[in-house]
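Residue numbering for the sequence shown follows numbering that gives the first Met the number 0, beginning at 0 and increasing consecutively. From the three backbone atoms N, C-alpha and C, an ideal C-beta is built for every residue, glycine too. Given the structure is predicted, the values throughout are model-derived calculations rather than measurements. Let me begin by presenting the structure, written as structure tokens, before commenting on it.
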Amino acid sequence: MGSDAKKKEIVSYLLSKGMLVKPDFLQRLANEQELETIYQQVQANDCPDNIITEQKSNIKILFSYAKQSKKRTIQDFVDYYNARYKAIEKILQNRQELNLLTSIGRLVGKQDRENISVIGMIKDKQTTKNNNIIFEIEDPTGTIKALASKNKPETWEKANDLIYDEVIGLTGTTGNNIIFANNIVLPEIPIITELKKSPEQGYAVVLADFHLGSQYFLEKEFKKFLLWIKGESGSEEQKEIAQKVKYIFIIGDLVAGVGIYPKQEDELIIKDVYEQFRVCADLLKQIPSHIPLIICPGNHDPGRISEPQPPIPEEYAKPLYEMKNTIMVSNPAIINIHSSQNFPGFDILMYHGYSFDEYAAQVPSIRANGGYDRGDLIMKFLLQRRHLAPSHTSTLHIPDPHCDPLVIEKIPDFFLTGHLHKTSVASYRNVTMICASCWESKTAFQEKTGHNPEPCRVPIINLQTRNIKIMRF
Ligand SMILES: [Fe+2]
Ligand SMILES: [Fe+2]
């Protein structure tokens with residue numbers, strides 16, 4: 000399609016959503032690359048209120064959720080789950096393994112044996128006395144039970160890790176109102192995903208979880224980080240890297256907040272959230288102002304905590320909004336950085352990680368391998384499911400009836416998270432997964448819950464080579 004036709008389609012799409020288009024928007028569409036990005040969004044956009052809203056230098060916000068909250072009805076939840084089902088169904092339906100695809104409604108009441116595939120959402124899961132796993136799977140036409148036999152270890156392992164509300168593909172043989180599972184097919188990241196490397200130099204730094212206001216905030220160490228980023232400390236090589244830092248991502252929990260858990264007040268040295276942000280901004284202002292700070296909220300930050308969480312409200316974080324180099328986005332958010340004439344840039348998925356607690360504690364394969372200490376396994380688990388919080392209980396959801404913004408529709412180059420207070424860096428099918436560290440020492444609450452934070456470590460991404468170093472402060 001020619002660029003004029005694309006422009007027309009974009010403009011009429013926006014008009015259909017009741018949005019008037021400024022002339023400068025049309026001018027921006029003169030840039031071919033941007034036009035293509037927006038056009039693709041319009042094509043794929045089931046979340047119409049989340050179109051690109053801002054652009055600073057070569058940073059593009061591809062997704063930041065800004066819808067106002069309103070009273071939600073039960074129907075909204077039904078529509079929300081339908082939207083999720085459809086989004087993941089779209090990812091699964093062309094998979095070779097699922098070529099005998101049928102609807103669950105067609106299987107109910109059938110007696111004869113038949114090889115089939117279905118796509119459905121997990122509604123229930125039990126282990127029988129004989130150690131087989133029986134789970135219930137639902138699509139818009141019906142619900143059916145499925146059995147994963149212990150005699151098929153590979154399928155059994157996958158069934159054992161199933162969680163409520165995730166959408167999977169299933170192949171098997173039908174019995175009397177049951178499917179004998181042969182294979183469980185996850186939405187997954189395609190095996191061949193390009194490992195993009197930037198032709199231009201540049202570094203990105205990943206921070207999270209300052210918890211400003213907490214008596215455990217590690218101010219001395221954070222100031223060491225500030226000295227380094229200002230180019231005032233470190234080896235020659237480290238100073239050179241500091242100079243080339245082009246982006247800093249801050250993945251939530253900037254402040255400790257107030258009243259987040261029982262008796263938190265005893266652990267706060269700043270008990271006022273406005274003051275917490277004022278002090279936070281004073282520290283961040285020491286970072287050279289040519290480096291943009293891209294900031295999403297975490298569960299300790301004020302404002303609505305249901306996900307997607309809108310950007311930290313200006314009402315609380317005014318000093319951050321007043322800084323020229325801050326870019327406030329929602330949690331989750333998708334940002335494109337470092338594009339140039341011959342390079343499409345990197346797509347960065349930012350997600351604080353509130354849902355991680357549940358997967359660390361409840362997914363057998365993660366729990367058995369270190370649980371909360373294994374951010375890498377949790378991030379991989381979620382990428383495979385193409386969802387940031389598949390089970391309903393893992394976080395508070397905004398049941399947007401038009402789309403499920405927590406579905407990972409776009410495959411990111413980088414998946415950046417926090418919340419665990421422990422760094423991990425790993426790669427899954429060329430998606431670089433990074434969990435940032437924190438700037439808070441072990442709290443009494445963490446002591447009680449058996450968490451072992453590793454504070455003051457900073458993952459630094461070389462955008463040209465994609466090597467990642469972790470600096471300790
Ligand atoms: Fe945190
Ligand atoms: Fe958190």
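Test item: CB-CB of residue i and residue j under 9 Å
i    : j    : result
C437 : P452 : yes
N57  : H337 : yes
A158 : G171 : no
D208 : A425 : no
Y315 : G297 : no
S393 : D160 : no
V205 : V244 : no
K124 : Y163 : yes
I268 : F224 : no
A367 : L319 : no
I188 : R385 : yes
G201 : Q463 : yes
E165 : S354 : no
V430 : T192 : yes
P309 : L348 : no
N324 : H289 : yes
D138 : G104 : yes
M470 : M432 : no
A145 : I190 : no
N330 : C295 : yes
Collapsed DSSP secondary structure at residue i in the structure displayed
i    : result
I467 : strand
F76  : helix
P152 : helix
G374 : helix
Q285 : coil
T442 : coil
K122 : strand
I51  : Residue placement at I51 cannot be trusted, given a pLDDT of 45 that sits under 50; what the coordinates show is reported in the next sentence. Note: I51 maps to coil in three-state DSSP.
Q42  : A caution first: Q42 carries a pLDDT of 46, below 50, which makes its placement in the model too unreliable to give a value.
P139 : coil
V107 : coil
Q275 : helix
I433 : strand
A82  : helix
A280 : helix
A65  : coil
L100 : strand
Q308 : strand
K16  : Note that K16 scores a pLDDT of 49, beneath 50, so its modelled location is shaky and nothing firm can be said.
L91  : helix
P458 : strand
K70  : coil
K59  : strand
K128 : coil
K317 : helix
Beta-carbon proximity list for residue i, same chain, < 8 Å, skipping 5 on both sides
i    : result
S339 : N57, S197, P198, E199
R373 : A359, I365, S423
T52  : Annotation note: pLDDT 44 at T52 (below 50); position unreliable, no value reported.
P261 : none
Residues near residue i by beta carbon distance below 6 Å, same chain, minus five either side
i    : result
L91  : I118, G168, P186
G417 : A207, D208, I250, G251, H351, G352, A435
N44  : For N44, the pLDDT reaches just 47, beneath the cut-off of 50, and the residue's location in the model is therefore unreliable, although a value from the coordinates is still provided. Correct list: empty, nothing qualifies.
D78  : P400
K149 : N130, N131, W155
F472 : E220, K223, F224, C455
E211 : Note on residue identity: the sequence assigns Leu, not Glu, to residue 211. Closer than 6 Å at the Cβ level, and outside the excluded window around L211, lie V254, Q275, V278, C279.
Beta-carbon proximity list for residue i, same chain, < 7 Å, skipping 5 on both sides
i    : result
D300 : G251, D252, L253, V254, G256, I311
T126 : I132
K409 : I333, D346
Q42  : Unreliable positioning characterises Q42 in this predicted model, as indicated by a pLDDT of 46, which lies under 50. The coordinate reading is nonetheless provided below. So no residue of the chain qualifies.
V107 : G141, I143, N176
N182 : E96, T154, T170
F380 : Y358, V362, I365
V272 : V254, G256, V257, P301, Y315
G370 : A359, A360
K195 : F345, D412
Beta-carbon separation (whole angstroms), residue i vs residue j, contact threshold 8 Å
i    : j    : result
W227 : Q214 : In fact, because the Cβ distance is near 25 Å, the residues do not count as touching under 8 Å.
P398 : R71  : 5 Å
S305 : L395 : 4 Å
I326 : I286 : Rounded, the Cβ-Cβ distance is 13 Å, inconsistent with contact.
C402 : A82  : 5 Å
Fully enclosed by the segment 231-273, which beta strand (DSSP E) runs are 3 residues long or longer? 244-250
What residue ranges within the segment 374-419 form continuous alpha helix (DSSP H) runs of no fewer than 4 residues, ordered along the chain? 374-384
At 3 residues or longer, and completely inside the segment 326-373: list those beta strand (DSSP E) runs for me, N to C. Those beta strand (DSSP E) runs which fall completely within the segment 326-373 and span 3+ residues are 332-336, 345-350.
In chain order, what are the residue ranges of uninterrupted beta strand (DSSP E) at least 3 long that sit wholly in the segment 153-224? 166-173, 177-184, 202-206
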